[in-house]
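For the sequence shown, full-length UniProt numbering assigns the number 424 to the last residue and increments by one with no breaks.
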Amino acid sequence: MSYKIGDFVRIEKDGAFFEGHVIQGDPGYITIKMTGGGYISGFLQDAVGIEVLESPEVPPVFLVRPCAENAPAFSKSKSGIKISILSTGGTIACYFNPETGSVVPSFSAADILSEVPELDGFADFSAREVFSLLSENMGPEHWIKLAEAIYEEIQNGADGIIVTHGTDTMAYSAAAISYMIETPVPIVFTGAQRSPDRPSSDNHMNLVCAAKIARSDIAEVTLVMHGSLSDDFCYVHRAVKAKKMHTSRRDTFKSINMLPIALIDYKSDRFELLSDYVDYQKRGEKKLSFSPKLEKRCAIVKFVPGASPDIFDYYLENGYKGIILEGVGLGHVSDDWIPLIQKATVMKIPVVITSQCVFGATACDTYETGQNMKKAGAVEAIDQTTDAVFVKLMWLLGQGYDYETVKKKIVEDYRGEISSMIID
């Protein structure tokens, strides 16, 4: 039977029936968006039959790209609070492309905002597109441009910033902004694990919760994302302590070695601080400052059993200025790597030790191997995440500090990256 894009069809395959709208129909191949969410694709010859149940004249809403130009303008808020939304791409700005069968960045900041009508009157919003990239394509040069855009928005009077970003590298970008900008207002990163055209998308709730934090007094760089699998609340994670922990779950982000700063309820304005041990920077406490220089020639080297130290030596011999060495357990590498740490010390290249364990802290003094690593010149990250301390090393080197100063400052607490207590 013939069908067209947008038709609602039933397909029988292997004794099971699948119903949904056709979103891709190449010769001999079909992809449908099922009524319960998700997609199914396959070769037509594998199906017993296909029946068109409905052939709507108007394409389903998920096949029509939203456009902010056609959305009603948001009314001004009574509060007069100004929130700038800066989009960089990522899943929250993606839409299914039936021609390729994949999701691609296609939403602007204004498009994203137009999809959340309940924010009407919540604040005076402005929207600005900085990039339109999947986050794996974001790098230090993009962090700097994003920092410039954020700094400019705050200078122009923004009371809060929301950055929409892909989740894969959000923790890196947010940490970079945290070091480059000392802020008197909230800077909130948010995104989505599932694109807005999916019934199970988390974009809507994440953006609403992010707006609530952008209007709050938490004047730090934070990540606001789902706190559970349900659409009930978001967690507010400190940027330099957040880590993506799951490839696809909506509650993918966790705070490492600390509790999230707060829980924000989706349905109400309930705002719950989660620990007496976690304080946060208040709105207006800090003056706006900007130090965007980064040393891009830094690397993360992961030690694995049996790995040749030649891997480490590659970076020493190719002009790299700083190395994060991710060891096992308390931060250990094998004995044959220690001479390379000594070589880096002679070359005045800082080597910072982190652990491949997600939780806990490095403790190189516990065993002889770790003691020898420190004698060779390595410095411990303590409980800083690999993501955040990598960016911190780039930032410190970018400020022009010499070797000894970088080693000293890498273990100083700038943005709450070193926990006051380790959660076992």
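Ideal placement from N, C-alpha and C gives every residue a C-beta, glycine not left out. Since we're looking at a predicted model, the values are computed, not measured.
- Task: Could you give the DSSP three-state label for residue 364: helix, strand or coil?
- Result: Numbered from 1 along the sequence shown, position 364 holds the residue referred to as residue 364. DSSP places residue 364 in coil when its eight states are reduced to three.
Over what stretch of residues does the beta strand (DSSP E) that includes residue 287 continue unbroken? Locating residue 287 in the sequence shown gives position 287, counting from the first residue. Taken as a continuous stretch (DSSP letters only), residue 287 belongs to no beta strand (DSSP E), as it is neither H nor E.
Report task. Please classify residue 252: is it buried, with 16 or more other beta-carbons within 10 angstroms of its beta-carbon, or exposed? Result -> Within the sequence shown, numbered from 1, the residue matching residue 252 stands at position 252. A residue is called buried once 16 or more other Cβ atoms fall within 10 Å of its Cβ, and residue 252 is buried on that count.
Assuming residue 150 and residue 186 make a contact with CB atoms under 8 Å, what is their CB distance in whole Å? Taking the sequence shown and counting its residues from 1, one reaches residue 150 at position 150. Taking the sequence shown and counting its residues from 1, one reaches residue 186 at position 186. At roughly 11 Å, the Cβ-Cβ gap does not stay under 8 Å, so residue 150 and residue 186 are not in contact.
Report the rounded CA-to-CA distance for residue 87 versus residue 14, giving the unit in angstroms. In the sequence shown, the residue the question calls residue 87 occupies position 87. In the sequence shown, the residue the question calls residue 14 occupies position 14. Those two C-alpha atoms are separated by around 43 Å.
| task | Starting from residue 327, trace the alpha helix (DSSP H) both ways and give me its first and last residue. | result | As a working mapping, residue 327 is identified with position 327 in the sequence shown. Taken as a continuous stretch (DSSP letters only), residue 327 belongs to no alpha helix (DSSP H), being part of the beta strand (DSSP E) at 322 to 327.
Residue 90 (DSSP reduced to helix, strand or coil): Residue numbering aside, residue 90 sits at position 90 when the sequence shown is read from its first letter. Here residue 90 sits in coil by DSSP.
Review point. The alpha helix (DSSP H) spanning residue 126 covers which residue range?
Key: As a position in the sequence shown, residue 126 is number 126, starting the count at 1. First-last for residue 126: 124 to 133, but that is the beta strand (DSSP E), not the alpha helix (DSSP H).
Exercise for review: Look at the Cβ atom of residue 298, then the Cβ atom of residue 264, and state whether they are nearer than 8 Å.
Suggested key: Taking the sequence shown and counting its residues from 1, one reaches residue 298 at position 298. Taking the sequence shown and counting its residues from 1, one reaches residue 264 at position 264. No, they are not a contact pair.
Exercise. Is DSSP giving residue 310 helix, strand or coil here?
Worked result: Indexing the sequence shown from 1 puts residue 310 at position 310. Residue 310 carries a helical assignment under DSSP once its states are collapsed to helix, strand and coil.
query = What residue ranges within the region 154 to 193 form continuous beta strand (DSSP E) runs of no fewer than 3 residues, ordered along the chain?
reply = As far as the region 154 to 193 is concerned, its whole beta strand (DSSP E) runs of at least 3 residues are 160 to 164, 187 to 190.
Discussion item. With DSSP as the reference, identify every bridge partner of residue 255, one or two as the case may be.
Written reply: Stepping through the sequence shown from its first residue, residue 255 is reached at position 255. Under DSSP, residue 255 takes part in a beta bridge, and its partners are 242.
Quiz item: Contact check, residue 397 vs residue 348 under 8 Å by CB: the rounded distance?
Solution: Position 397 of the sequence shown, counting from 1, holds the residue named residue 397. Position 348 of the sequence shown, counting from 1, holds the residue named residue 348. The beta carbons of residue 397 and residue 348 sit about 11 Å from each other, so the pair does not count as a contact at 8 Å.
Q. Which residues bound the alpha helix (DSSP H) around residue 425?
A. Summary: the structure shown does not reach residue 425, with the chain confined to residues 1 through 424, and so no result is reported for it.
* To do: Return the CA-CA distance between residue 180 and residue 54, expressed in angstroms with no decimal places.
  => Residue numbering aside, residue 180 sits at position 180 when the sequence shown is read from its first letter. Residue numbering aside, residue 54 sits at position 54 when the sequence shown is read from its first letter. Computed Cα separation, rounded: 54 Å.
### Query
Which whole runs of the alpha helix (DSSP H) in the region 332 to 392 are 4 residues long or more, in chain order?
With a minimum length of 4 residues, the continuous alpha helix (DSSP H) runs that stay inside the region 332 to 392 are 338 to 346, 368 to 375.
Margin query: Three Cβ pairs or more, each shorter than 8 Å: is that satisfied between the region 394 to 409 and the region 357 to 370?
Written below: Output reads no: the region 357 to 370 does not touch the region 394 to 409.
- Item | DSSP-derived helix/strand/coil call for residue 112 | Counted from its first residue, the sequence shown places residue 112 at position 112. Three-state DSSP puts residue 112 in a helix.
Open item on the list: Rounded to the nearest angstrom, what separates residue 51 and residue 249 at their Cα positions?
Closed with: Your numbering for residue 51 matches position 51 in the sequence shown. Your numbering for residue 249 matches position 249 in the sequence shown. Linking residue 51 to residue 249 through their CA atoms gives a straight-line distance of about 33 Å.
| Within this structure, are the beta carbons of residue 166 and residue 195 separated by less than 8 Å? | Locating residue 166 in the sequence shown gives position 166, counting from the first residue. Locating residue 195 in the sequence shown gives position 195, counting from the first residue. For the pair residue 166 and residue 195, the CB atoms are not nearer than the 8 Å cut-off.
| said: With a threshold of 8 Å on Cβ separation, who are the neighbours of residue 410 within its own chain once the five nearest residues in sequence on each side are excluded? | reply: Against the sequence shown, residue 410 aligns to sequence position 410. Correct list, in chain order: 350, 352, 379, 381, 389, 392, 393, 396.
Exercise. Quick one: is residue 243 buried, meaning 16 or more other Cβ sit within 10 Å of its Cβ, or exposed?
Worked result: For the purposes of this step, residue 243 is taken as the residue at position 243 of the sequence shown. Residue 243 is buried by the Cβ-count criterion.
Spatially closest choice to residue 152 from 210, 118, 83, by CA coordinates:
Counting from 1 along the sequence shown, the entry for residue 152 is found at position 152. Residue nearest to residue 152 within the set 210, 118, 83 is 83 (criterion: CA-CA distance).
For this session: Ignore the nearest five residues each way along the sequence and tell me which others in residue 10's own chain have a CB closer than 8 Å to its CB.
Result: For the purposes of this step, residue 10 is taken as the residue at position 10 of the sequence shown. Result list for residue 10: 17, 18, 19, 50, 51, 53, in chain order.
Give me the Cα-Cα distance between residue 121 and residue 77, rounded to the nearest whole angstrom. Position 121 of the sequence shown holds residue 121. Position 77 of the sequence shown holds residue 77. In this structure, the CA atom of residue 121 is about 4 Å from the CA atom of residue 77.
**Study point:** Given residue 386 as reference, the closest of 220, 146, 362 once Cα atoms are compared
**Key:** As a first step, residue 386 must be located in the sequence shown, where it is residue number 386. The shortest CA-to-CA distance from residue 386 to any of 220, 146, 362 is the one to 362.
For this session: Check the C-beta distance from residue 215 over to residue 160 and give it rounded, since I have them as a contact under 8 Å.
Result: Taking the sequence shown and counting its residues from 1, the one referred to as residue 215 is at position 215. Taking the sequence shown and counting its residues from 1, the one referred to as residue 160 is at position 160. With a contact defined as Cβ atoms closer than 8 Å, residue 215 and residue 160 qualify at about 6 Å.
Would residue 294 and residue 140 qualify as a contact pair, given that the criterion is a beta-carbon distance under 8 Å? Sequence index remark: in the sequence shown, residue 294 carries index 294 (1-based). Sequence index remark: in the sequence shown, residue 140 carries index 140 (1-based). In contact: residue 294 and residue 140 (Cβ atoms closer than 8 Å).
Just tell me which of 356, 358, 343, 359 has its CA closest to the CA of residue 376. Within the sequence shown, residue 376 is the residue found at index 376, counting from 1. A check of alpha carbon separations from residue 376 across 356, 358, 343, 359 identifies 343 as the nearest.
Report task. Find the nearest neighbour of residue 114 within the set 207, 329, 357, 228, judged by alpha-carbon distance. Result -> On the sequence shown, residue 114 is found 114 positions in, with the first residue counted as 1. Nearest option by C-alpha distance: 207.
Count the other CB atoms, across all protein chains shown, that sit within 10 Å of the CB of residue 408; report buried if there are 16 or more and exposed otherwise.
-> Here residue 408 corresponds to residue number 408 of the sequence shown, with the count starting at 1. Counting Cβ neighbours within 10 Å, residue 408 comes out exposed, since fewer than 16 surround it.
**Asked** Going by Cα to Cα distance, which pick from 324, 416, 333 is closest to residue 304?
**Response** Locating residue 304 in the sequence shown gives position 304, counting from the first residue. It is 333.
If you follow the alpha helix (DSSP H) that residue 405 is part of, which residue opens it and which one closes it?
As a working mapping, residue 405 is identified with position 405 in the sequence shown. Here the alpha helix (DSSP H) through residue 405 covers 403 to 409.
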